[in-house]
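Here is the structure we will look at.
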Amino acid sequence: MEAEAGEREGAVKVEVQAARPYPVWIGRNLLASAGEIIKERKKPCRVAIITDYTTGGLFENRVERSLKRNGFTVTKLSIPPGEGSKNMSQLAEVLEFLAESGLTRSDLIAALGGGVVGDLAGFAAAVYQRGVDYIQLPTTFLAAIDSSVGGKTAVDLGAGKNLAGAFHQPLSVICDCDTFRTLPEKVFADGAAEAVKYGVLAGGELFGQMISGKGGRSGLPEELLPSVVEQCVRIKADIVNRDEFDRGERQLLNLGHTIGHAVERCSGYGITHGHAVAMGMAAIAKAAAQLKGTEEAAQTAEQIIQALRIQNLPTEIPYSPEDIYRASLSDKKKTAAGMQVIVPETVGCCKIRGLSLTEWRNWVGLALGETESAGAAK
Ligand code: GLY
């Protein structure tokens with residue numbers, strides 16, 4: 462039964478120390494307390510809930526009731542679910558809706574949904590009237606541990622993912638882990654891929670939990686979820702605290718993403734983000750192992766691949782090295798000098814390496830098991 466006013470008992474709060482610090486609340490049944498939590502940061506005002514048809518049907522009423530009980534006025538917009546909504550025309554629609562709703566600079570946007578809703582509504586918040594407050598209410602495992610925290614907002618362009626966007630930190634993030642119960646297996650596994658990523662970055666207990674395969678959805682027992690989310694958010698918050706604007710260390714969070722984004726692009730976005738990142742992590746680990754040629758490097762690749770398999774994630778890429786290489790050239794991590802690549806040295810130790818495009822083409826070949834040397838790398 463849905464509680465009228467959610468208990469915050471047992472919830473944990475992780476502080477993100479960005480230029481404007483904010484709390485990330487992690488717990489169960491927190492959507493029913495959204496109004497109370499938001500009121501701690503913002504006086505009652507108009508709130509525009511941006512959600513998608515699926516998520517809205519499941520959770521919108523719960524959030525709306527809590528907001529109204531706490532004196533907020535609510536207006537709502539639902540968009541079609543899926544990556545296809547993360548574009549400039551949908552952004553324009555959201556902005557027109559905010560203007561028609563009479564949202565002012567002292568009002569609030571609430572992004573209720575997964576990464577697409579969070580990135581799109583966050584970007585709308587960054588540019589509407591030159592910036593309004595917003596809160597993130599992630600309802601997928603992936604959004605809870607990655608996209609809702611850290612203030613990256615964006616839409617995709619025809620040329621690639623997340624190519625137009627802004628840094629705009631939320632006022633707070635409310636992760637209600639009960640919302641993950643409604644996720645289809647594959648969508649849950651998308652989040653597990655990002656959790657494996659944090660495990661590879663930090664090692665320790667988190668990686669042990671991801672590789673242990675103790676049953677439950679995608680190999681993660683249900684009772685572990687709030688703790689896994691908390692560990693991932695703490696790792697991300699620590700990195701964002703040191704590098705809010707992604708000029709250095711924050712790039713570590715892109716482990717598996719350069720090849721992952723290329724896989725998404727090659728598949729016409731039919732392969733979802735987490736699944737593509739899983740393939741990207743396995744691939745880069747294989748390339749690193751081959752280039753290093755040590756027993757330790759081979760074991761690292763083996764452990765990463767094993768953790769991904771336990772989480773029901775794919776580790777083989779169904780495209781040619783040349784297709785992946787070409788698709789990777791529109792990635793944001795491409796610089797004038799070449800490509801920034803995150804390399805797992807061991808579980809718990811990843812490094813950022815700058816490669817020339819010729820070197821990167823060679824890495825892609827090794828990552829995808831190319832036997833002959835690459836052709837004309839440009
Ligand atoms: N998703 C990677 C980052 O927030 O930097």
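Note that my numbering has the sequence shown beginning at 462, numbered continuously upward.
Virtual Cβ for every residue (Gly too), placed ideally from N, Cα, C.
Bear in mind the structure is a predicted one, so any value in this text is a computation, not a measurement.
- Here glutamate 705 carries a coil assignment [DSSP, helix/strand/coil].
- For the pair valine 577 and isoleucine 540, the Cα-to-Cα distance works out to about 10 Å.
- Remark: C-beta atoms of alanine 768 and glycine 652 do not approach each other more closely than 8 Å.
- Counting of Cβ neighbours within 10 angstroms places phenylalanine 668 among the buried residues, the total reaching 16 or more.
- With a cut-off of 7 Å, the C-beta of arginine 711 is classified as near ligand 1, since at least one heavy atom of the ligand falls inside that distance.
- Taking a 10 Å sphere around the C-beta of lysine 547, we find 16 or more other C-beta atoms and assign the residue as buried.
- Contact between threonine 600 and leucine 573 holds: their C-beta atoms lie close to 7 Å from each other, under 8 Å.
- For cysteine 727, the uninterrupted alpha helix (DSSP H) run begins and ends at 718-727, by DSSP.
- Taking the Cβ atoms as the reference, histidine 722 lies roughly 5 Å from aspartate 792, within the contact range of under 8 Å.
- Taking non-hydrogen atoms of ligand 1 into account, the C-beta of serine 608 is found less than 7 Å away from one of them.
- Note: isoleucine 487 is bridge-paired with Val473, Cys636 in the DSSP secondary-structure output.
- C-alpha of glutamine 751 to C-alpha of serine 673: approximately 26 Å in a straight line.
- Across the set Glu476, Ala758, Gly709, Ser688, the C-alpha of Gly709 shows the shortest separation from the C-alpha of valine 802.
- Here proline 682 is exposed. Its C-beta has fewer than 16 other C-beta atoms within 10 Å.
- Under the DSSP definition of a beta bridge, cysteine 811 partners with Pro805.
- The three-state reading of DSSP puts threonine 534 in strand, counting E and B together.
- Counting the other CB atoms within 10 Å of its CB gives glycine 612 a total of 16 or more, which places it among the buried residues.
- Cα atoms of phenylalanine 533 and proline 505: separation of roughly 5 Å, rounded to the nearest angstrom.
- Arginine 502 is bridged by DSSP to nothing; it lacks a bridge partner.
- Just so you know, the alpha carbons of leucine 686 and arginine 489 end up roughly 10 Å apart.
- When C-alpha distances from aspartate 617 are compared across Asp784, Val804, Glu725, Phe520, the shortest belongs to Glu725.
- Per the C-alpha coordinates, the member of Ser609, Pro779, Pro484 positioned closest to alanine 739 is Pro779.
- Of the other Cβ atoms in all chains shown, fewer than 16 fall within 10 Å of the Cβ of glycine 518; this residue is therefore exposed.
- Beta-bridge partners assigned by DSSP to valine 657: none are found.
- Relative to ligand 1, leucine 603 has its C-beta separated by 7 Å or more from all heavy atoms.
- CA-to-CA, the gap between leucine 528 and alanine 586 works out to about 19 Å.
- Beta-bridge analysis with DSSP links glutamine 597 to Ala572, Val634.
- With fewer than 16 neighbouring CB atoms inside 10 Å of its own CB, phenylalanine 706 falls in the exposed class.
- Only buried fits lysine 622, as 16 or more other CB atoms lie within 10 angstroms of its CB.
- Rounded to the nearest whole angstrom, the C-alpha separation of alanine 797 and arginine 822 is 15 Å.
- Shortest gap from the CB of leucine 714 to any heavy atom of ligand 1: under 7 Å.
- With contacts defined as CB atoms closer than 8 Å, serine 562 and alanine 509 qualify as a contacting pair.
- At a Cβ-Cβ threshold of 8 Å, isoleucine 720 and alanine 744 count as neighbours.
- Following the DSSP letters along the chain, one finds arginine 507 inside the beta strand (DSSP E) bounded by residues 507-513.
- Distance from the C-beta of lysine 747 to the nearest heavy atom of ligand 1 is not below 7 Å.
- Taking valine 648 as reference, the option from Gly543, Glu501, Leu569 with the minimal CA-CA separation is Gly543.
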